[in-house]
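Asker: Handing you this structure, nothing more for now.
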Amino acid sequence: MFAAESLVRTLINQGVDTCFTNPGTSEMHMVAALDRVDGMKSVLCLFEGVATGAADGYARMAGKPACTLLHLGPGAGNGLANLHNARRGYAPVVNIVGDHARAHLELDAPLTSDIEGVCAPMSRWVGTVETPQDISRMAVETVKQAYGPERGVATLVLPADCAWSDAEPQVIEQVDMPDLDAVPLDQLDKVAKALEAASSPVILLGGTACLDDGLQAAGRIAEATGARLFMDTFVPRIARGHGRVAPKRLSYLGAEAMKELEGADLLVLVGTKAPVGFFAYPGERGTFAPPEAEIVSVGGPSDEVTEALIILAEAIDTPAKVPGIEASQAPKLIPDAELNPGFVGLSLMRHMPEDSIICDDATTSGMGVFPWTQAGPRHDWLCLTGGAIGSGMPQAVGAALACPDRQVFALCGDGAAAYTLQALWTQAREKQNVINIVFANHSYLVLNFELARVGAGEPGPAAQQMLSLDHPKMDWVKLAEGFGVPGRRARTAGEFDKALVAALDAGGPQLIVAEI
Numbered sequence: 004m005f006a007a008e009s010l011v012r013t014l015i016n017q018g019v020d021t022c023f024t025n026p027g028t029s030e031m032h033m034v035a036a037l038d039r040v041d042g043m044k045s046v047l048c049l050f051e052g053v054a055t056g057a058a059d060g061y062a063r064m065a066g067k068p069a070c071t072l073l074h075l076g077p078g079a080g081n082g083l084a085n086l087h088n089a090r091r092g093y094a095p096v097v098n099i100v101g102d103h104a105r106a107h108l109e110l111d112a113p114l115t116s117d118i119e120g121v122c123a124p125m126s127r128w129v130g131t132v133e134t135p136q137d138i139s140r141m142a143v144e145t146v147k148q149a150y151g152p153e154r155g156v157a158t159l160v161l162p163a164d165c166a167w168s169d170a171e172p173q174v175i176e177q178v179d180m181p182d183l184d185a186v187p188l189d190q191l192d193k194v195a196k197a198l199e200a201a202s203s204p205v206i207l208l209g210g211t212a213c214l215d216d217g218l219q220a221a222g223r224i225a226e227a228t229g230a231r232l233f234m235d236t237f238v239p240r241i242a243r244g245h246g247r248v249a250p251k252r253l254s255y256l257g258a259e260a261m262k263e264l265e266g267a268d269l270l271v272l273v274g275t276k277a278p279v280g281f282f283a284y285p286g287e288r289g290t291f292a293p294p295e296a297e298i299v300s301v302g303g304p305s306d307e308v309t310e311a312l313i314i315l316a317e318a319i320d321t322p323a324k325v326p327g328i329e330a331s332q333a334p335k336l337i338p339d340a341e342l343n344p345g346f347v348g349l350s351l352m353r354h355m356p357e358d359s360i361i362c363d364d365a366t367t368s369g370m371g372v373f374p375w376t377q378a379g380p381r382h383d384w385l386c387l388t389g390g391a392i393g394s395g396m397p398q399a400v401g402a403a404l405a406c407p408d409r410q411v412f413a414l415c416g417d418g419a420a421a422y423t424l425q426a427l428w429t430q431a432r433e434k435q436n437v438i439n440i441v442f443a444n445h446s447y448l449v450l451n452f453e454l455a456r457v458g459a460g461e462p463g464p465a466a467q468q469m470l471s472l473d474h475p476k477m478d479w480v481k482l483a484e485g486f487g488v489p490g491r492r493a494r495t496a497g498e499f500d501k502a503l504v505a506a507l508d509a510g511g512p513q514l515i516v517a518e519i
């Protein structure tokens, strides 16, 4: 038995049963181990950024880590952007990176690199296997570190000779993983007193507080105290749709976010930190909370904030239950109207199945879709937590693996989709029920907007060329078909509505180009 087999068996025993991989020569014994050992689902991805994005989506929906298997430092480097998104979303990921055999490192072969240094910025923990006998122990430690209690990316560097060794380290059975930390009762008492004293409180939700139980408890607290209820602009996962409490999404734009929070004398943070701008802008402050507002925290990403909200709700005489948003019918369709993100949202409201999953990588267009689905079918919405575009299609791969009975949608800008369109091939190979919606404005539209916001002046010809995607225009129908995914194109509200119905009826992976 290769030592790599012990690693795979140990991972399976810790509940890690899915591997997203793009391996190379140094990982061949891990590949052989995945073949020999039952219980681990292996998913081939054509690009490492797809593998890491899929692991992120899987973790957000399954609530547990998948593992990756990447090839040396360059392979890990290719996957860093979506590891960044996973890190910012506190998604548990076991990131396994193969390395040269230990003796071969001394020869400084062409692919030799500082793998720990490459992975450290996107990982909450990095460890390297030193001997074959360490493999199983290090595997367990990696899974533990992914669980935290602050969830995140844990990277294990695996030298090839440790994997191929015929030493047989002990396979480790299931061990207890870290739980989220309980919020101290005295902290909750402090929050309760602050809410009682405030005249215009705001509650800002993030992390696990945005799932059903957290939303209901937060809604009860808001009802009892008169607090305004907000969610972070980009949360890892928000439970939405009819019957659910609906916090307002804090605006991405600094001036608008400051206006939304204007007048608040108390900001209660739940599973998040005080909101700040994505970027700095001349003459604008970077923090959004009113300077005079008191800020108190129920807990952060490492804390069991849902349980804390429930305890807090019981302590301040809230109603036993607050009603969620009522279901409503989508407005009448205007078939010949020029397509825009709002019409896409209305079609999703009309047709998406209950308990769908939406992976949003569409920046400006996604924000146009978001409000229209609030009173529609129940669904989970996964946001672009780290701002690194190219997450939507890979995230959808992982979400579909975690929840194979649910319909998945990937909302992608055309610029973002071009980063990781290789995910379409994996969707086709795995026969996943994913509908990819590509908003084709043939531009990095958000950057055109940001150019003005930072005060860089009107774009000249050179700047326009750096932000334009229309010379030549990408043909997304042909690109999708080239990866084995049927594609459709829509230019009007009516065409998109028909394309969405046809894609849902067809099943399997589909792509719709929304020309906006």
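For any residue, its number in our numbering is found by taking its place in the sequence shown, counting from 1, and adding 3. All C-beta atoms, glycine included, are put in the ideal place defined by N, C-alpha and C.
1) Grab the span of the beta strand (DSSP E) containing I50 for me, first residue to last.
2) Please say whether A403 and V441 have beta carbons closer to each other than 8 Å?
3) For Q410 versus M355, is the C-beta distance shorter than 8 Å?
4) Going by alpha carbons, who is nearest to H74 out of G60, L49, L83 and G101?
5) Within the region 75-119, note down every full alpha helix (DSSP H) run reaching 4 residues or more, in order along the chain.
6) Measuring straight from C-alpha to C-alpha, what distance separates F412 and G66?
7) In the DSSP assignment, what residue or residues form a beta bridge with W128?
8) Could you tell me the boundaries of the beta strand (DSSP E) in which Q219 lies?
9) Between the Cα of A57 and those of P397, Y422 and L472, spot the shortest distance and give me the residue it belongs to.
10) Can you tell me the Cα-Cα spacing of G246 and F282, whole angstroms?
11) First and last residue of the alpha helix (DSSP H) that includes H32?
12) Need the endpoints of the alpha helix (DSSP H) that G199 sits in, please.
13) Touch check for the region 419-430 and the region 475-490: three-plus C-beta pairs under 8 Å?
14) So is the beta-carbon of A505 under 7 Å away from any non-hydrogen atom of the ligand NAD?
15) Take E30 and list the residues in its own chain whose beta-carbon comes closer than 7 Å to its own, dropping the five residues that flank it on each side.
16) Quick check: the Cα distance between Q468 and H474, rounded to an integer number of angstroms?
17) Taking the C-alpha atoms as reference points, what is the distance between A258 and W167?
18) My parser needs the beta strand (DSSP E) runs of 3 or more residues fully inside the region 339-368; what are they?
19) Going by DSSP, what residue range makes up the beta strand (DSSP E) through T236?
20) Cutting at 7 Å between CB atoms, please list the residues of its own chain near V121, excluding the five before and the five after it.
21) Let me know the secondary structure DSSP gives C406 once reduced to three states.
Answerer: Concretely, from the data shown:
1) Walking along the sequence shown from the start, residue 50 turns up at place 47. A small correction: the amino acid at residue 50 is Phe; Ile does not occupy that position in the sequence shown. No beta strand (DSSP E) contains F50, which DSSP labels as neither H nor E.
2) Here residue 441 refers to the residue found at position 438 of the sequence shown. Here residue 403 refers to the residue found at position 400 of the sequence shown. Taking 8 Å as the Cβ cut-off, V441 and A403 do not qualify as a contacting pair.
3) Walking along the sequence shown from the start, residue 410 turns up at place 407. Walking along the sequence shown from the start, residue 355 turns up at place 352. A contact, by the Cβ cut-off of 8 Å.
4) As a position in the sequence shown, residue 74 is number 71, starting the count at 1. Per the Cα distances, G101.
5) 75-81, 83-91 and 105-108
6) For the purposes of this step, residue 412 is identified with residue 409 of the sequence shown, where counting begins at 1. For the purposes of this step, residue 66 is identified with residue 63 of the sequence shown, where counting begins at 1. Their backbone Cα atoms lie some 19 Å apart in a straight line.
7) Here residue 128 is taken as the residue at index 125 of the sequence shown, counted from 1. Paired residue(s): A157.
8) In the sequence shown, the residue the question calls residue 219 occupies position 216. Taken as a continuous stretch (DSSP letters only), Q219 belongs to no beta strand (DSSP E), being part of the alpha helix (DSSP H) at D215 to T228.
9) On the sequence shown, position 54 is the one that residue 57 refers to. Out of P397, Y422 and L472, the CA that lies nearest to the CA of A57 is found in P397.
10) For the purposes of this step, residue 246 is identified with residue 243 of the sequence shown, where counting begins at 1. For the purposes of this step, residue 282 is identified with residue 279 of the sequence shown, where counting begins at 1. So the two alpha carbons sit approximately 35 Å from each other.
11) Here residue 32 is taken as the residue at index 29 of the sequence shown, counted from 1. Start and end: M31 to R39.
12) For the purposes of this step, residue 199 is identified with residue 196 of the sequence shown, where counting begins at 1. In the sequence on display, residue 199 carries Glu and not Gly. Its alpha helix (DSSP H) spans residues L188 to A200.
13) yes
14) What this structure holds is no ligand at all, so the ligand NAD is not there to describe.
15) Along the sequence shown, read from residue 1 onward, the residue named residue 30 stands at position 27. Taking C-beta separations shorter than 7 Å and ignoring five residues to either side along the sequence, the partners of E30 in its chain run L72, H74 and G101, following chain order.
16) Here residue 468 refers to the residue found at position 465 of the sequence shown. Here residue 474 refers to the residue found at position 471 of the sequence shown. Looking at the two C-alpha atoms, the distance is approximately 9 Å.
17) Translated into the one-based positions of the sequence shown, residue 258 becomes position 255. Translated into the one-based positions of the sequence shown, residue 167 becomes position 164. Straight-line Cα distance between these residues: approximately 57 Å.
18) 359-364
19) Position 233 of the sequence shown, counted from the start, is the residue given in the question as residue 236. Neither: T236 is in no beta strand (DSSP E) and is coded neither H nor E.
20) To locate residue 121, count along the sequence shown from 1; it is residue 118. Excluding positions up to five away in sequence, the list reads G76, A79 and G80.
21) Within the sequence shown, residue 406 is the residue found at index 403, counting from 1. In the structure shown, C406 sits in coil (DSSP, three-state: anything other than H, G, I, E or B).
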